[in-house]
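Participant: Taking my numbering, the leading residue of the sequence shown gets 13, the next gets one more, and so forth.
All C-beta atoms in this analysis are idealised placements derived from N, C-alpha and C, irrespective of residue type, glycine included.
From a predicted model like this one, the values you see are computed outputs, not experimental measurements.
The structure's right below; bear with me while I get my questions together.
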Amino acid sequence: MLKLLLYCLLALGSTAYAQTVNILIYAGPGVGPKSLANTVSMLRSLVADFYVIQTVGPDTIISRDWLEDTALLVMPGGADLPYMEKLGGVGNQNIRDYVQNGGKYLGICAGAYYAADSIEFAKGDPRLEVVAARELKLYPGLMQGPTYAGFDYVTPQNIAGMRAATISWQAGSPFASNQEFVVYYNGGGHFVAADEYQQVTTLAHYNPEAQSQAAPAAIVECKYGMGTAILSGLHFEWAAESLDGMDQRLATIKSALLTAEQGRLALASHLLQRLGVVLRGPF
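Here's what the structure looks like:
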């Protein structure tokens, strides 16, 4: 019934829905090609047909033309330093204005680091370290990573940081408390002291690899002005089929992800729904 009503509103040219039909996926320098492809594929498979899903570059974000007709802005995985180089200043101010005024932001891996107040990536490693403030500050604290060892962005062919990571749900309905999901991980971080911020809800924890370790926040929901941002250190957008299973380690990861695929789709669907996105149907 809701989907039929929305189609009717669009057919009648209703401004109530015509202003929020675009879903924009940032595709500028730094975005990982496979992360982008998986993000586009996930959205096209899950999201109702009346949204227009578009990939956009820095010029679009800087222009402000998108601010009033966008239902969701997605910043995918990759490397966030090039994001900063292209969007620093005006572009980031536009993103903040968009969310402040009721917009929705989804940040995945690099897109999540990018939305924090500050980041510490591979701190102490002279080859990999990135320790700096960020401009968006949708998450008001520090994002630290990689949560799991082995990731090396200097050597793209390195796969030691890849995992089929287990996370546990912390935010109630529609999932059981501590319900587990297995999703692809590669270099993502965690949100330090997430529970200390009134405007932040921890949605899921990483399951620590050793019992003596803490269970840091893996996915958070942040209220920012009238808008909302969901930030994930993990690649819940990646389908198992997109991994090359020729290497034995990758084959093992792929097998674990294939087994957990329905859970991944349920998680991705719920996260989109929390951002106000209408889906094709139940998954």
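1. Between the C-alpha atoms of arginine 261 and glycine 275, what's the straight-line distance to the nearest angstrom?
2. If I follow the unbroken beta strand (DSSP E) through isoleucine 131, where does it start and stop?
3. Mind reading off the beta-carbon distance from threonine 240 to glutamate 233? Whole number of angstroms is fine, and I expect it under 8 Å.
4. Could you check how far apart the C-beta atoms of alanine 251 and valine 194 are, in whole angstroms? I think they sit under 8 Å.
5. Should methionine 155 be labelled buried (16 or more other beta-carbon atoms within 10 Å of its own) or exposed?
6. Does DSSP classify proline 152 as helix, strand or coil?
7. Could you tell me whether the stretch 116-126 touches the stretch 34-47, where touching means 3 or more Cβ pairs closer than 8 Å?
8. Would you report the Cα separation of serine 224 and threonine 167, rounded to the nearest angstrom?
9. Got a sec, what are the start and stop residues for the alpha helix (DSSP H) asparagine 50 sits in?
10. Kindly give me the distance between the Cβ atoms of histidine 202 and glycine 157, rounded to whole angstroms, as I take these residues to be in contact under 8 Å.
11. Run through DSSP, which three-state label would glycine 199 get?
12. Among Thr72, Val43, Gly40 and Gly42, which one has its Cα closest to the Cα of asparagine 34?
13. What's the C-alpha gap between asparagine 113 and tryptophan 78?
14. May I ask you to list the residues that DSSP assigns as paired with histidine 247?
15. May I ask you to report which of helix, strand or coil DSSP gives asparagine 113?
16. The alpha helix (DSSP H) that contains arginine 286, what's its start and end?
17. Going straight from the alpha carbon of arginine 139 to that of threonine 159, what length do you get?
18. To which residues does DSSP link threonine 264 through a beta bridge?
19. Helix, strand or coil, according to DSSP, for arginine 175 in the structure here?
Facilitator: The answer reads as follows:
1. Working through the sequence shown from its first residue, we reach residue 261 at position 249. Working through the sequence shown from its first residue, we reach residue 275 at position 263. C-alpha separation (whole angstroms): 22 Å.
2. Taking the first residue of the sequence shown as position 1, residue 131 is located at position 119. 128-133 is the span of the beta strand (DSSP E), which, as asked, contains isoleucine 131.
3. For the purposes of this step, residue 240 is identified with residue 228 of the sequence shown, where counting begins at 1. For the purposes of this step, residue 233 is identified with residue 221 of the sequence shown, where counting begins at 1. With 8 Å as the limit, threonine 240 and glutamate 233 qualify as a contact, their Cβ atoms being about 6 Å apart.
4. Here residue 251 refers to the residue found at position 239 of the sequence shown. Here residue 194 refers to the residue found at position 182 of the sequence shown. The pair is not a contact, with the Cβ atoms about 13 Å apart (cut-off 8 Å).
5. On the sequence shown, residue 155 is found 143 positions in, with the first residue counted as 1. The residue is buried, with at least 16 neighbouring Cβ atoms inside 10 Å.
6. Position 140 of the sequence shown, counting from 1, holds the residue named residue 152. It is a strand residue.
7. yes
8. For the purposes of this step, residue 224 is taken as the residue at position 212 of the sequence shown. For the purposes of this step, residue 167 is taken as the residue at position 155 of the sequence shown. Reliability fails at serine 224, whose pLDDT of 48 lies under 50, so the model's placement of it is uncertain and the value that follows must be treated cautiously. C-alpha separation (whole angstroms): 31 Å.
9. Reading the sequence shown from its first residue, position 38 is the one you call residue 50. 45-58 is the extent of the alpha helix (DSSP H) around asparagine 50.
10. In the sequence shown, the residue the question calls residue 202 occupies position 190. In the sequence shown, the residue the question calls residue 157 occupies position 145. Correct: roughly 7 Å between the Cβ atoms.
11. As a first step, residue 199 must be located in the sequence shown, where it is residue number 187. It is coil, neither helix nor strand.
12. Translated into positions along the sequence shown, residue 34 becomes position 22. Minimum Cα distance to asparagine 34 is reached at Thr72.
13. Within the sequence shown, the letter at position 101 stands for residue 113. Within the sequence shown, the letter at position 66 stands for residue 78. Roughly 13 Å separates the two Cα atoms.
14. As a first step, residue 247 must be located in the sequence shown, where it is residue number 235. Histidine 247 is bridged to Tyr196.
15. Locating residue 113 in the sequence shown gives position 101, where the first residue counts as 1. DSSP places asparagine 113 in coil when its eight states are reduced to three.
16. Translated into the one-based positions of the sequence shown, residue 286 becomes position 274. Segment 273-286, the alpha helix (DSSP H) holding arginine 286.
17. Against the sequence shown, residue 139 aligns to sequence position 127. Against the sequence shown, residue 159 aligns to sequence position 147. So the two alpha carbons sit approximately 17 Å from each other.
18. In the sequence shown, the residue the question calls residue 264 occupies position 252. Note: threonine 264 sits in no beta bridge, so no partner.
19. Position 163 of the sequence shown, counting from 1, holds the residue named residue 175. In this structure, arginine 175 counts as strand in the three-state DSSP scheme.
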